[in-house]
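In what follows, a structure is listed as structure tokens, so that the remarks can point back to it.
Residue numbers (my numbering): 98 to 267.
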């Protein structure tokens, strides 16, 4: 069994393309002592399916600033990986089209002290109010399918918390 822990936010996602976006994503990986290995994008009406080796720069910036960007996924994989879909250590998927973002961690790499900090970083992508769920499940059941709401009969799914995140009133 390859257990994962996921943090999924459902609601309106802010679209921003400056360095803060990439810095924030990279910081989440850094909290787990990881670097991003690959990324993939989906742009409306274009076949952009294949994964690209991760590198900051103009190409990534152009994808992020494309108004037709539907989703972007980032992956960290070990050197000896076979398939990104099952061998990732940390996957972050931002889905503008379906209004959710999810970070899925291999259970062995997430440091529980970091969860609050990671939740705060993920929060910067969201418009308030939104729903946040934290759950564990086996990687083979594809946590992304649960995050997308495609199916819900998962044998290994355990919901740890589910809450509405509202405006901060000062």
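Where is the CB? At the ideal position from N, CA and C, for every residue including glycine. Owing to the predicted nature of the structure, the values given are computational and were not obtained by experimental measurement.
Check: Distance cutoff 8 angstroms, beta carbons only. Does residue 107 sit that close to anything in chain D?; Outcome: Structure shown: chain D not included; a single protein chain is present.
Check: Find out if the Cβ-Cβ distance for the pair residue 105, residue 230 is shorter than 8 angstroms.; Outcome: yes
Check: By how many angstroms is the C-alpha of residue 223 removed from the C-alpha of residue 217?; Outcome: 10 angstroms
Check: For residue 194, I'd like the list of residues in its chain whose CB is within less than 7 angstroms of its CB, leaving aside the five on either flank, ordered along the chain.; Outcome: 167, 168
Check: Tell me, please, which residues DSSP counts as bridged to residue 171.; Outcome: 136, 189
Check: Report yes or no: do three or more beta-carbon pairs, one from the segment 248 to 255 and one from the segment 195 to 206, lie closer than 8 angstroms?; Outcome: no
Check: Would you say residue 148 and residue 136 are within 8 angstroms of each other, going by their C-beta atoms?; Outcome: yes
Check: Would you mind sorting residue 159 into buried or exposed? The rule is 16 or more other CB atoms within 10 Å of its CB.; Outcome: exposed
Check: Residues in the same chain with beta-carbon distance under 6 angstroms from residue 174, minus the five sequence neighbours each way, listed in chain order, please.; Outcome: 134, 181, 184, 185
Check: Excluding sequence positions up to five away, which residues of its chain have a Cβ less than 8 angstroms from the Cβ of residue 254?; Outcome: 232, 233, 234, 238, 243
Check: With which residues is residue 259 paired in a DSSP beta bridge?; Outcome: 230
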